[in-house]
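Asks: If you read the sequence shown in our numbering, its first letter stands for residue 4, the second for the next number, and so on. The beta-carbon is built from N, C-alpha and C at its ideal position, and this holds for glycine as well. For reference, the structure I am asking about is given below.
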Amino acid sequence: MSLFKKILIANRGEIAIRVIRACKELGIRTVAVFSDIEREALHVQYADEAICIGPANSTLSYLNIPAILSAADVTDSEAIHPGYGFLSENPNFAEACATSNITFIGPTAENIRIGGDKAKARQVMKRRGIPVVPGSDGPLGSEEAAVKIVKKIGFPVLFKASAGGGGKGMRVVREEEELQQAFNMAQREALAAFGNGELYVEKYLPSIRHVEVQIIADGKGNAIHLGERDCSIQRRHQKLVEESPSPIATEKFRKQIGELAVRAAKAMKYKNAGTIEFIVDQDQNVYFMEVNTRVQVEHPITEELTGVDIIKEQIKIAAGMPLSYRQNQIKPRGHSIECRINAEDPEKFMPSPGKITFLHAPGGPGVRVDSAAYNGWSVPPNYDSLIAKLIVKADTRAEAIARMKRALDEYRIEGIKTTIPLHKKIMNDPDFVKGTFFTDFIEKMGQAKSGNGAARSASPDEKT
Ligand code: MV4
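So this is what it looks like as structure tokens:
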């Protein structure tokens, strides 16, 4: 089966560039879409063709399904790559593409629906014997149902919204007296935020790590994993640093979590590239959390270790081709780390859009920069503040950290504030260097620095 002649990329920034690069190497023509304020954007310059799809407000442009389908139609694009964010996890968009005879480069609409329904995904996995945190079997019908389950599993518990994810709509409950009010508030918040008040409940596990596994599957029953990524270094559910292998991973652990991810992918008849997210407790117990039905920001660290081009695989799978690799051909080598460079104040995390007056990116052995930023470009205030991903690869974790420090020192970005100084601090932090950190690492670091409880009590972990 032949690949596509032309692909439209329904995204912007570094991920649009990443997809264009894969297409160019495969000999596929590319169409960029852009909003009014992004005529000068790099993805527009790199693509073979570019079409304006609306105003700066992404609801009217990058999220505008009719505008994107029209752009695909007038350019004779055969397929659409959605990148991450925007329409990438909208099952209605995946279906609308099919209706317009355009191939959606991603999972099936049904895969996306299961991934977006966290209670359902949990139920599917639990029934297949994949470990989940003790809690409800699917959604909670009522507050009484919640009380019954909590009696069994004990406090503390965590209410989660079925339509949530990424930490939105969660609430920790520590004692019986709080239960009713917490249930009602979580339900109301979920309804307001997602238009769906459905909740489920889990035992709340303190001091966890976020470890996820990249999978690729052809939808014909073949699924393989490309190893795990440790994404525990995050702030308010925004990841800052990701690495692979996980510093806690033994060979046995890697094999176990990889096999669980493949079973999870098969349990939901997964197609294309996806990520199975787990949490790992202090005793290294692994629990299924969520499925991310898109290519992720942090996919490059997996590419660096395995040599697999995940975007090319996505395109080939969408074109009906079988997987290019068998599991025993995947041999991750070395250690890779990614730092997300955001246009933000490195201490207050306030966005810092504006003109980049000087830019020089690091290079040299083992350094990769995925970015759409260039000298003289203005970072728009309207979108995600991610302006570059700095990825390093080396033989060992210690060498990867040394290489990352060297690359961060080389990075020159003037005119805007960036998170580069924060990353320098993280790379020098004793707990980071030892690999002994949990998801509260950044909050704790902020606390140590300011010497008071303000940063900690303001964190969403404490509110939830
Ligand atoms: C949890 C948890 C503790 N116990 N579930 C947050 C986002 C969503 N993907 C799952 N999350 C959590 N689920 C139980 N039963 C703690 C978190 C959590 C977290 C998870 C991964 C990465 C960072 C996090 C930060 C705070 C809380």
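Is E280 near the ligand MV4, with its Cβ less than 7 Å from a heavy atom?
Replies: E280 Cβ: within cutoff of the ligand MV4.
Asks: What are the boundary residues of the alpha helix (DSSP H) that includes S5?
Replies: Note, S5: premise wrong, no alpha helix (DSSP H); not H, not E.
Asks: Going by Cα to Cα distance, which pick from R130, E180, G132 is closest to V150?
Replies: Comparing Cα positions, the closest option is E180.
Asks: Can you tell me the Cα-Cα spacing of K392 and N93, whole angstroms?
Replies: Approximately 25 Å between the Cα atoms of the pair.
Asks: How would you call N187, buried or exposed, if buried means at least 16 neighbouring beta carbons within 10 angstroms?
Replies: Answer is exposed; the Cβ neighbour count stays below 16.
Asks: If you measure from the CB of L161, is any heavy atom of the ligand MV4 nearer than 7 Å?
Replies: Yes, Cβ of L161 sits closer than 7 Å to a heavy atom of the ligand MV4.
Asks: Give a yes or no on whether the C-beta atoms belonging to A166 and A148 are separated by under 8 Å.
Replies: No; because the gap between Cβ atoms is not below 8 Å, this pair is not in contact.
Asks: With 16 other CB atoms within 10 Å as the buried threshold, where does N14 fall?
Replies: So N14 ends up on the buried side.
Asks: Closer than 8 Å is the cut-off here; do at least three beta carbon pairs connect the region 18–37 with the region 393–405?
Replies: The region 18–37 is not in contact with the region 393–405.
Asks: Is any heavy atom in the ligand MV4 found nearer than 7 Å to the beta carbon of H46?
Replies: Every heavy atom of the ligand MV4 is 7 Å or more from the Cβ of H46, so no.
Asks: Along the chain, where does the beta strand (DSSP E) containing N114 start, and where does it finish?
Replies: Segment 112–119 is the alpha helix (DSSP H) holding N114; no beta strand (DSSP E) there.
Asks: In chain order, which alpha helix (DSSP H) runs of at least 4 residues are fully inside the region 174–237?
Replies: List check, alpha helix (DSSP H) in window: 179–197.
Asks: The alpha helix (DSSP H) with V153 in it runs from where to where?
Replies: Run containing V153: 146–156, per the alpha helix (DSSP H) assignment.
Asks: Could you have a look at G16 and say whether DSSP puts it in helix, strand or coil?
Replies: Here G16 sits in helix by DSSP.
Asks: Cβ of P448 within 7 Å of any heavy atom in the ligand MV4?
Replies: Contrary to the premise, residue 448 reads as Met rather than Pro in this sequence. Flag unset: Cβ of M448 not near the ligand MV4.
Asks: Should E231 and A252 be called a contact, given that it needs their Cβ atoms to be closer than 8 Å?
Replies: Going by C-beta atoms, E231 is nearer than 8 Å to A252.
Asks: Which residue or residues does DSSP assign as beta-bridge partners of F435?
Replies: In DSSP, F435 forms no bridge with anything.
Asks: Taking the DSSP output, what are the residues bridged to K274?
Replies: K274 is bridged to D221.
Asks: Counting along the chain, where does the beta strand (DSSP E) carrying R1 start and finish?
Replies: An answer regarding residue 1 cannot be provided, because it is not within the stretch 4 to 467 covered by the chain.
Asks: Let's test the definition: count the other Cβ atoms within 10 Å of the Cβ of Y290 and tell me whether it reaches 16, buried, or not, exposed.
Replies: With 16 or more other Cβ atoms within 10 Å, it is buried.
Asks: What are the partner residues of A391, as DSSP defines its beta bridges?
Replies: According to DSSP, which records beta bridges pairwise, A391 is partnered with I344, S374.
Asks: Enumerate in chain order the residues of its own chain whose CB-to-CB distance from I10 is below 8 Å, with the five nearest sequence positions on each side excluded.
Replies: Counting only Cβ-Cβ distances below 8 Å, and skipping sequence neighbours, we find V22, C26, I31, R32, T33, V34, S80, E81, A82, I83, H84, I108, I318.
Asks: Confirm, please, whether the CB-CB distance from S235 to F89 is below 8 Å.
Replies: It is not a contact, given that the beta carbons lie outside the stated cut-off.
Asks: Quick one: using the 10 Å Cβ neighbour count with 16 as the cut-off for buried, is F7 buried or exposed?
Replies: Classification of F7: buried, given that the 10 Å Cβ count is 16 or more.
Asks: According to DSSP, simplified to helix, strand and coil, what is S73?
Replies: Three-state DSSP puts S73 in a helix.
Asks: Could you pull the start and end residues of the alpha helix (DSSP H) that N95 belongs to?
Replies: Counting along the chain, the alpha helix (DSSP H) containing N95 begins and ends at 94–102.
Asks: Which residues mark the beginning and the end of the alpha helix (DSSP H) in which K315 is found?
Replies: That run of the alpha helix (DSSP H) goes 313–321.
Asks: Taking 7 Å as the cut-off, is the CB of G119 close to at least one heavy atom of the ligand MV4?
Replies: G119: no, Cβ never under 7 Å from the ligand MV4.
Asks: Looking at Q285 and T442, is the spacing between their C-beta atoms short of 8 Å?
Replies: In this structure, Q285 does not lie closer than 8 Å to T442 by Cβ.
Asks: To the nearest angstrom, report how far apart R42 and A220 are at their CA atoms.
Replies: Cα-Cα distance, rounded: 36 Å.
Asks: Three Cβ pairs or more, each shorter than 8 Å: is that satisfied between the region 357–364 and the region 330–338?
Replies: No: the two stretches stay apart, fewer than three of their Cβ pairs being nearer than 8 Å.
Asks: Since R406 and V372 are thought to touch, with beta carbons under 8 Å apart, how far apart are those beta carbons, to the nearest angstrom?
Replies: Not confirmed; about 13 Å, so no contact.
Asks: Note down, in chain order, each residue of its chain lying with its Cβ closer than 7 Å to the Cβ of L66, except the 5 sequence neighbours on either side.
Replies: Only F89, L90 meet the Cβ criterion.
Asks: Using CA coordinates, which residue listed in A375, P384, D412 is at the minimum distance from G366?
Replies: G366 has its Cα closest to that of D412, out of A375, P384, D412.
Asks: Look at T278 and V216 and say whether their C-beta atoms are less than 8 Å apart.
Replies: Cβ distance < 8 Å, so T278 and V216 count as in contact.
Asks: DSSP three-state label for G88, please.
Replies: DSSP places G88 in coil when its eight states are reduced to three.
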